[in-house]
Amino acid sequence: MAAEKELYIGLDVGGTSVKMGLFDAEGELLGQGSVPTPPLINAEGYTAVTEGISKLLDVASEQTDLVRGIGLAIPCPVPADGVIRMQANIQINAPGLEAALKRHCPNATVRFENDANAAAMGELWVGTARGHRSFVFVTIGTGVGGGIVIDGHVVGGVMGAGGEIGHLCMNPEEERSCGCGGKGHLEQYASATGIVTSYRAACEERGREPVALDGPSDSRSVFAAAKDGDEAAWAAIDTMCDYLGRALALIADVVDPEAFILGGGTSNSSDLFLDRLEAGYRRYAIPVTQDTPIEIASLGNEAGIYGAAYVALQSAEER
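Offset between the sequence shown (1-based) and the working numbering: plus 16.
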């Protein structure tokens, strides 16, 4: 007799939309959808999500009783006890949402995970990190996030701060403040915002105007300027690579991963900076870790739904 089909749903909860993916146990994407992100604090918000799930299943001609797990990638730390104490860009009542999802899909286990950690698990399941048992995922966008995977499981930590590599203090002499209130954090130099800030400073030092920038995190224009031979743009890229290379070398001293995997929007310009980043990493790494590869993630913006589904699958298997 054939084994009953098992389905898993990954929800990537962002500030503007909840992206949804329906998967089988092998990681094949069976369907996608999204709903605008409501305040996830009451029945109205929960219903918007469960109705989105119903539509996702209907389009794929699947039934709710086959759903064995629902994972949610959310933009905040998820402590070991599951009690979410800090929220950013979303309003969420996790116990209420979990109860609503379980009522809607009664055979499913529900698991919350930090969005960067979930993206790391997506890359482990079917992306660049497939086949690795340990790696460090680094997502470079408006900020810098990370996910540390050891023996096939993401390291969240007691307070959910595991993988918050963007807040490593890399320059204690810095006077500017990070978004978290600290100073001299990696995010201030290696994020898209940090690249733009370094570029503006390099232009000022050279007494020239920067290229037109579409906002404080428009690193894409900085990379385009570098392609055109802009020395200030290359200086900003070198600053990013120096700080990020040193941070990865410090992380390697603690984790010693099989690989570093770079994701996020900035990784799309890796053809311009990867060689420089690898050189920066080797400059700071101890000899035994100097050859740790730095690879580029493959799932792009879909990593969150894949990873959320995968952590749900892991939870279902452990139940």
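For every residue, glycine included, the Cβ atom is placed at its ideal position computed from N, Cα and C.
Below 8 Å CB to CB, which residues in the same chain sit around A263 once its five sequence neighbours on both sides are set aside?
Counting from one through the sequence shown, the residue named residue 263 turns up at place 247. The residues are I181, L184, M186, L202, A206.
Residue interval of the beta strand (DSSP E) (run including E129):
Your numbering for residue 129 matches position 113 in the sequence shown. Secondary structure note for E129: its beta strand (DSSP E) is the uninterrupted segment 125-130.
Taking DSSP's pairing of strands, which residues face E170 in a bridge?
As a first step, residue 170 must be located in the sequence shown, where it is residue number 154. It is worth fixing the name first, because residue 170 is Val in this sequence and not Glu. BP columns for V170 point to V165.
If you measure between the beta carbons of L38 and L88, is that distance less than 8 Å?
Indexing the sequence shown from 1 puts residue 38 at position 22. Indexing the sequence shown from 1 puts residue 88 at position 72. In this structure, L88 does not lie closer than 8 Å to L38 by Cβ.
Taking only the alpha-carbon atoms, compute the straight-line gap between I321 and K21 and give it to the nearest angstrom.
Translated into the one-based positions of the sequence shown, residue 321 becomes position 305. Translated into the one-based positions of the sequence shown, residue 21 becomes position 5. Near 20 Å, if we compare the C-alpha coordinates of K21 and I321.
Limits of the unbroken alpha helix (DSSP H) element including S283
Translated into positions along the sequence shown, residue 283 becomes position 267. Taken as a continuous stretch (DSSP letters only), S283 belongs to no alpha helix (DSSP H), as it is neither H nor E.
Nearest-angstrom Cβ-Cβ length linking I312 and T144, presumed shorter than 8 Å:
Locating residue 312 in the sequence shown gives position 296, where the first residue counts as 1. Locating residue 144 in the sequence shown gives position 128, where the first residue counts as 1. At roughly 7 Å, the Cβ-Cβ gap stays under 8 Å, so I312 and T144 are in contact.
In whole angstroms, what is the alpha-carbon distance linking S331 and G147?
If you number the sequence shown from 1, residue 331 lands on position 315. If you number the sequence shown from 1, residue 147 lands on position 131. One C-alpha to the other measures close to 20 Å.
DSSP three-state label for T144, please.
Within the sequence shown, numbered from 1, the residue matching residue 144 stands at position 128. It is coil, neither helix nor strand.
Quick one: is Q79 buried, meaning 16 or more other Cβ sit within 10 Å of its Cβ, or exposed?
Position 63 of the sequence shown holds residue 79. Of the other Cβ atoms in all chains shown, fewer than 16 fall within 10 Å of the Cβ of Q79; this residue is therefore exposed.
Give a yes or no on contact between the stretch 64-72 and the stretch 32-49, applying the rule of three or more CB pairs nearer than 8 Å.
Counting Cβ pairs under 8 Å, three or more are found: they touch.
Considering only residues of the same chain and omitting the five flanking positions on each side of F151, which have a CB-CB separation below 6 Å?
For the purposes of this step, residue 151 is identified with residue 135 of the sequence shown, where counting begins at 1. Result list for F151: A145, V165, P273, E274, A275, I277, in chain order.
My guess is that A136 and V160 are in contact by the Cβ rule of under 8 Å, so how many angstroms apart are they, rounded?
As a first step, residue 136 must be located in the sequence shown, where it is residue number 120. As a first step, residue 160 must be located in the sequence shown, where it is residue number 144. Wrong, their Cβ atoms sit about 14 Å apart, outside the cutoff.
For E129, which residues from the same chain have a beta carbon less than 8 Å from its beta carbon, with the 5 sequence-adjacent residues on both sides left out?
Here the question's residue 129 lines up with position 113 in the sequence shown. Cβ within range, chain order: G87, L88, A89, I90, V94, M137, V170, G172, G323, A324, V327.
Where does K243 land, buried or exposed, given buried means 16+ other C-beta within 10 angstroms?
To locate residue 243, count along the sequence shown from 1; it is residue 227. By the neighbour-count rule (16 or more Cβ atoms within 10 Å), K243 is not buried but exposed.
Distance between beta carbons of D234 and D131, contact taken as under 8 Å:
Along the sequence shown, read from residue 1 onward, the residue named residue 131 stands at position 115. Along the sequence shown, read from residue 1 onward, the residue named residue 234 stands at position 218. Your pair D131 and D234 does not check out as a contact, with CB atoms roughly 22 Å apart and the cut at 8 Å.
Could you say which of D40, V142, P55 lies nearest to I108 if we only look at CA atoms?
Counting from one through the sequence shown, the residue named residue 108 turns up at place 92. With respect to the C-alpha of I108, the residue from D40, V142, P55 having the closest C-alpha is P55.
Please report the distance separating the alpha-carbon of A228 from that of Y215.
Taking the sequence shown and counting its residues from 1, one reaches residue 228 at position 212. Taking the sequence shown and counting its residues from 1, one reaches residue 215 at position 199. Rounded to whole angstroms, A228 to Y215 spans 12 Å at the Cα level.
Beta strand (DSSP E) segment containing T155, residue limits:
In the sequence shown, the residue the question calls residue 155 occupies position 139. Residues 151-156.
Hey, could you find the ends of the alpha helix (DSSP H) V270 is sitting in?
Translated into positions along the sequence shown, residue 270 becomes position 254. Run containing V270: 247-271, per the alpha helix (DSSP H) assignment.
Mind reading off the beta-carbon distance from M256 to G200? Whole number of angstroms is fine, and I expect it under 8 Å.
Here residue 256 refers to the residue found at position 240 of the sequence shown. Here residue 200 refers to the residue found at position 184 of the sequence shown. Wrong, their Cβ atoms sit about 15 Å apart, outside the cutoff.
Quick one: residues in its chain with C-beta nearer than 6 Å to the C-beta of Q204, no 5 flanking neighbours on either side, listed in chain order?
In the sequence shown, residue 204 corresponds to position 188, counting from 1. Within the same chain, Q204 has close Cβ partners C194, G210.
Under 8 Å between C-beta atoms of T282 and A208:
As a working note, residue 282 is residue 266 in the sequence shown. As a working note, residue 208 is residue 192 in the sequence shown. By the CB criterion at 8 Å, T282 and A208 fall inside the cutoff.
Hey, is V94's beta-carbon within less than 8 Å of any beta-carbon in chain B?
Absent here is chain B; the protein component of the structure consists of one chain.
Within a Cβ cutoff of 6 Å, which residues of the same chain sit near G163, ignoring the five residues on either side of it in sequence?
Residue 163 sits at position 147 when you count from the first residue of the sequence shown. Excluding the 5 residues flanking it on each side, G163 has same chain C-beta neighbours closer than 6 Å at A132, N133, A136, F153, V170, G179, in chain order.
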